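A.B. asks: Before anything else, here's the structure in question.
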Amino acid sequence: MTTIDHAGRGEGGFRLSQLLYDRRYRSLTIQAVAMILLVLLVVWLVDNTVTNLSRQGKDIDFGFLGTVAGYDINQTLIPYSSQDTHLRAAAVGILNTLLVAFLGCIAATIVGVLAGVARLSRNWLISGLMAVYVEGFRNVPLLLWIIVIFAVMSEGMPQPRAFRGDDPAASMLLGDSVAITNRGIYIPGVEFAAPLAGSTGWTWALILGAVLAGVLAARVVKKRADARQEATGERPVTWPLRLALILGPAIALLFVFGAGLNKPELAGFNFQGGIHMRNSLIALWFALTLYTGAFIAENVRAGILSVSKGQSEAAFALGLRPGRTMSLIILPQALRVIIPPLISQYLNLTKNSSLALAVGYMDVRSTLGGITINQTGRELEGMLLLGLFYLVTSLTISALLNVYNGSVKLKER
Amino acid sequence: MSDTHAQTAAFQASFVREEMVAASPPPARDRGVVKWLRENLFSSWLNVILTVLGLLAIWWIASHVFPWMLRGIWVADSLSECREIRNERYGEGVGAACWAVLTERWNQLMFGFYPQDLYWRPVAGVAFFVAALMPILFSRLPRWTLWFSAAAPFVAFWLIWGGTIWAPVVVAGGFALGALAYVALSNVNQIAATLAAIVVPVLFWLFAAGPLIGALQSAIPLAIEFVPSDDIGGFLLAVIIGFSAIILSLPLGILLALGRRSDLFIISKVSVAFIETIRGVPLIVWLFTASLLLNYFMPPGTNFDLMLRVIIMVTLFASAYIAEVVRGGLAALPKGQYEGADSLGLDYWQSMRLVILPQALKISIPGIVNTFIGLFKDTTLVVFIGLLDPIGLSNAIRATTAWNGIYWELFIFIGLLFFVCCFAMSRYSMYLERKLAREHR
Amino acid sequence: MKKTVLLGTVAGLAAGGALAQNSSTLEQVRDRGNLICGVTTGLTGFSAPDANGEWQGFDVDLCRAIAAATLGDPNAADFVTTTGQTRFSALASGEIDVLTRNTTWTYSRDNDLDFEFAGVNYYDGQGFMVPAELGVTSALDLDGATVCIQTGTTTELNLADFFRANNISYEPVPIETNAEAQQQYLAGACDVYTTDASGLAATRATFENADEHVILPEIISKEPLGPAVRHGDPVWGDIVRWTLNALVTAEELGITSANVMDLAAEAGDNPEVNRLLGTEGELPEMLGLESDAFANAIAAVGNYGEIFERNIGESTPIGLARGLNALYTEGGLQYAPPFR
């Protein structure tokens, strides 16, 4: 209808055929037709869904989120028990997804950069090994790698039982504080004798805040030093001060709240105390890291190769050492080529974390999209929420990284 | 002779070299194996350490895995029989692979439950399909071979599923009708022609195709045995899902890419929304949607099998990725090409068809192949919705009393299978990239 | 029918489906010429494909019996594999006619998910398996243990309830498939493996050193496993229910796959046998079946006892005792209403 209104206002002598032939109106015609078709399609789908749901005696109702979940989750970043609601179970899953995605992105970047550089190494053995690693992981389904790595870890590492007895087959590392078992890695945790307002969470938040403030302060110091170097050519030694600014307050706070180490100890079937990094998390993390790392390695290699050789020769001619050449000349230029594909690798990793199901890592796919849907039969609502979560996460990540990409991009004109 | 003697004497030289000394070999440290080793493995302390670590890693893996693999037992009927043979040959507790599961279940891992006497059909279908891809992949082949490529999906479909030959023929006829309608109307009006090219085939398939197939089949019965989708499994399933999704998603992906770059506000926004939504959500969620929800979106009473729903969903999924690849290709073309096409007076579709897309698609092929590799690997995810792909079958095989407890052998086999296929494809895409780089210089 | 469906959708038609749901399930099955059963993707003894691609197992045989009763041909059964997550929507959407997939009959599945359970073909319960060297004799000793569970089932709910009720702690390790759970358990990544007792026995039977593992005496749940159909088609539900009952009654009356054809040839002395096999009265016809429907079912797969013995009984590697699944005359729970 809008088309006709618009067309009607045209200068006199408007003919209907102008809608098809006149460039001024044609695009409107096409869009109007497309819009109508689209609306019809949506109406048709929604109508079908409503009819089908009513035939099966179902409705669309998110009330199930408020009912008792009834199942246990092993890794919970927020307190959770089987008597909590499905909504809370979903939140636990979301946090677990974000955790493994976050850890994976960091580790995959490190692995990818190292492997990409190593693949260009003149050491024949190392570059060959890296080629095998990259091709091996790029050409075999991730699902298979996740399953295999999980199984290798459970077969290859000692059972908690092996730590028992007078002459145990396995022993703890680092002065009896770290235990590597096939159920996960137990590391000492930090305990507060007098936590802030009785809550460990708030205490950690305060300490984190102190570290952040320290980092900001350290940046100010660095900026001043830079300015001084610009002005006088001398660079004052600032690193002890900066280190103290970052770590000092945090250490002081730890001391104030009476922080102590809580070492894991073998008690009953398992180690108790400390922090338990479960094998499902480690295996998933490891598999995602190695898989995505292989792709990132190729991006990094391509990025480094894209910097022309003249750049490093010029840098050498200026008398820069190889390390400075890499960090000041090659990498900044390579980054422009590396970052855009890196963003999509991060997105892939986040989405791939939904394979957590294969190793029993309770991510949002396994809680909300798995057990909850299965127990409540609310597949339409559950899938909708699940898709929405992934969509929002992906869009957020890509938006953030695109901002970063814009800041390192070559400024043209 | 005497002359020379005299000259020699005249110079009073105590020694004259009369022939070249044989070139002495370079110092031991700069030649042969040693040089190679020095330069390639031990050029610096860091490299020495890396080399030693690398060698240790290789040795450690090889010493653990190779004996187990080489001791493998190839003929047995069950895992327990394997264990007996192993105990007999190597003694109890020695690790030995039981490859017998592969020899016994080879057919199942490749074809699922496809009727055994009809194995030639999927093999021929896939072979024909791959052969028909060649004209697209290697531009040196004569252009008329492209007609084979156009026919390939229908031939492959008919060979794999069977049934009456008229079904694929009539469906292909729908495309021909669309092309006819386009040609007939293109002199009159471009938009009308484009619309007709879409509407005519759809109407034909919706209303005329069914009765026509029935009529043709009763008039000239030409049919081979029908194989239901439930019987298709194993590697064949992965190949079918992968291939059909990539073929079906290409046209859709190109349209989406054009839509995203379009000046028309609504069309470009709808394309962007579609692409980003699909790409923002993991494939496994889409697969569950296909399995749990797709039936809700269809008219009541519609019911078509899971494999088709999966193919539809994977096609939509792949089309979003293809769209991004094609968009990259479109963006990489110099603006002069667009302007040149416009200056010739070509309209939008003509300029796309004759000038832009041929070039853009050519540079997008490596990306499309990479998308396909990713998609092909991702077909393993269908195991989560109960389809029997190789991984799903490995679970089913383990559920029989004969093979319960077998683990690594199946995974190693499946991994190798995928590796060989994907590696070959990735080599092809690298070959293309190099070739394109040469041509563009 | 299916061909055009397939083709229509391949061609990109949205409305390719033609299976109108207005007709009854029995009519649909007859039109189609085959019965579609949902089975697991593989559960030892209950459903698994053999080397020739034929599905075998306890659940599979029930499906074959229904196919024989409705279509007269046990080979007219088609099997669609479903996972714990997809089984209910496959049934609800009409993708399968009957779900013969070790599915626990629970209140909410019956009423909230709108299915109808047509009886119980296996009385199961959730149990625990532990390595003998742990020295655990009761599930109550499992405080702090790591427990492997298969997800997507009632198992995880039962487990949570059991440990909460007894106020002991545990660490759940949810695993997607039985094969993986088995691998994790054998590698010692969990102390305990819990699933249905039949599954535990089947798994243990294939261990290299089965003696080193014990199944604890506690059974912490009731898991009546049975075939399920959609709500709203009572006749179809009755067909499935009475086919199962016929198999149980056949065992009670001593009708086996060997003698059923002789007994069905002409009316004999026992009126209930006659009614069951269709030589007297018109019982199968009341459900719209042929008079020899139940005779066909028994001839195809044998009576309940035969199915049990062939797939999971003591003569098989799985070696399950009849236990609760013995006939009521032998101290079990299998009790079929009379064919009268």
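Chains as they are written, first to last, in this note's numbering: chain Z, 6 to 418; chain G, 262 to 702; chain L, 545 to 884. In this text, a Cβ means the ideal position worked out from N, Cα and C, and glycines have one as well. In this text the structure is predicted, and so the values were computed from the model without any measurement.
(1) By the criterion of Cβ-Cβ separation under 7 Å, what are the contact partners of TYR2(Z) in chain G?
(2) Among the residues of its own chain, which have a CB less than 6 Å from the CB of GLY189(Z), if the five just before and after it don't count?
(3) State yes or no: is the C-beta of GLY273(Z) within less than 9 Å of the C-beta of ASP782(L)?
(4) Report the rounded CA-to-CA distance for TYR729(L) versus PHE679(G), giving the unit in angstroms.
(5) Is the CB of GLN565(L) under 9 Å away from at least one CB in chain G?
(6) What does ALA156(Z) reach in chain G if we use C-beta pairs closer than 9 Å?
(7) For chain Z, is any of its Cβ atoms less than 9 Å away from the one on GLU600(G)?
(8) Rounded to the nearest angstrom, how far is the Cβ of PRO771(L) from that of THR644(L), given a contact under 8 Å?
(9) In the DSSP assignment, the alpha helix (DSSP H) including CYS110(Z) goes from what residue to what residue?
(10) Beta carbons nearer than 9 Å to chain G: which residues of the segment 739-766 of chain L have them?
(11) Measure the CB-CB distance between PHE197(Z) and GLY265(Z) and report whether it falls below 9 Å.
(12) Looking at C-beta atoms only, is the number of pairs between the segment 127-134 of chain Z and the segment 631-646 of chain G that lie closer than 8 Å three or more?
(13) Which word fits GLN670(L), buried or exposed, when buried means at least 16 other C-beta atoms lie within 10 angstroms of its C-beta?
(14) Please list, in chain order, the chain Z residues whose beta carbon lies closer than 9 Å to that of SER633(L).
(15) So the candidates are ILE421(G), VAL463(G), ILE508(G); which of them puts its Cα closest to the Cα of GLU486(G)?
(16) Please work out which residues of its chain come closer than 6 Å, Cβ to Cβ, to VAL554(L), disregarding the five sequence neighbours upstream and downstream, and give them in chain order.
(17) Taking Cβ-Cβ distances shorter than 9 Å, what residues in chain Z pair up with THR641(G)?
(18) Between the C-alpha atoms of SER332(Z) and ARG224(Z), what's the straight-line distance to the nearest angstrom?
(19) When you compare the CB positions of SER713(L) and PHE707(L), do they come within less than 9 Å of one another, or not?
(20) Please report the residue range of the alpha helix (DSSP H) in which ASP622(L) lies.
(21) Hey, could you find the ends of the alpha helix (DSSP H) TYR737(L) is sitting in?
(22) Between the segment 521-535 of chain G and chain Z, which residues of the former have CB atoms less than 8 Å from a CB of the latter, in chain order?
(23) For ARG366(G), I'd like the list of residues in its chain whose CB is within less than 7 Å of its CB, leaving aside the five on either flank, ordered along the chain.
(24) Does VAL642(L) come within less than 9 Å of chain G when only Cβ atoms are used?
(25) Nearest CA to the CA of ALA458(G): which residue from LEU473(G), LEU477(G), GLY434(G), LYS530(G)?
(26) According to DSSP, GLU767(L) sits in a beta bridge with which residue or residues?
(27) Fully enclosed by the segment 274-344 of chain G, which beta strand (DSSP E) runs are 3 residues long or longer?
(28) Starting from CYS692(L), follow its DSSP beta bridges and name the residues at the other end.
(29) Identify whether THR550(G) lies in helix, strand or coil by the three-state DSSP scheme.
(30) Count the other C-beta atoms from every protein chain shown that fall within 10 angstroms of the C-beta of GLY375(Z), then say buried if there are 16 or more, exposed otherwise.
(31) Go ahead and label ASP836(L) buried or exposed: buried means 16 or more other beta carbons lie within 10 angstroms of its beta carbon, across all protein chains shown.
(32) Are the CB atoms of TRP329(G) and ALA357(G) nearer to each other than 9 Å?
(33) Should ASP658(L) and ALA636(L) be called a contact, given that it needs their Cβ atoms to be closer than 9 Å?
(34) Drop a sphere of 10 angstroms on the beta-carbon of THR364(G), count the other beta-carbons inside from all chains shown, and report buried for 16 or more, exposed for fewer.
(35) So, at 8 Å on beta carbons, what are the nonlocal neighbours of LEU402(G) in its own chain, with the 5 sequence-adjacent residues on each side left out?
(36) Applying the 10 Å Cβ sphere with the 16-neighbour rule, what's the burial state of PHE390(G)?
C.D. replies: Considering the structure as presented:
(1) Because chain Z here runs from 6 to 418, residue 2(Z) falls outside it and cannot be looked at.
(2) HIS281, MET282, ARG283, ASN284
(3) no
(4) 28 Å
(5) Annotation note: pLDDT 46 at GLN565(L) (below 50); position unreliable, coordinate value reported separately. Closer than 9 Å: yes.
(6) TYR668, TRP669, PHE672
(7) no
(8) 5 Å
(9) 91-124
(10) ALA746, THR747, ALA749, THR750, PHE751, GLU752
(11) yes
(12) no
(13) buried
(14) GLY382, GLU384
(15) ILE421(G)
(16) Low confidence applies to VAL554(L): its pLDDT is 39, below 50, so where it sits in the model is not reliable, and the reading given next is rough at best. Answer for VAL554(L): no residue qualifies.
(17) PRO146, LEU147, LEU148, LEU149
(18) 20 Å
(19) yes
(20) First-last for ASP622(L): 621-626, but that is the beta strand (DSSP E), not the alpha helix (DSSP H).
(21) That residue, TYR737(L), is in no alpha helix (DSSP H); its beta strand (DSSP E) goes 736-740.
(22) ASP524, LEU525, PHE526, ILE527, ILE528, VAL531
(23) ILE658
(24) no
(25) GLY434(G)
(26) ASP668(L)
(27) none
(28) VAL717(L), TYR737(L)
(29) helix
(30) buried
(31) buried
(32) yes
(33) yes
(34) exposed
(35) MET395, PRO396
(36) buried
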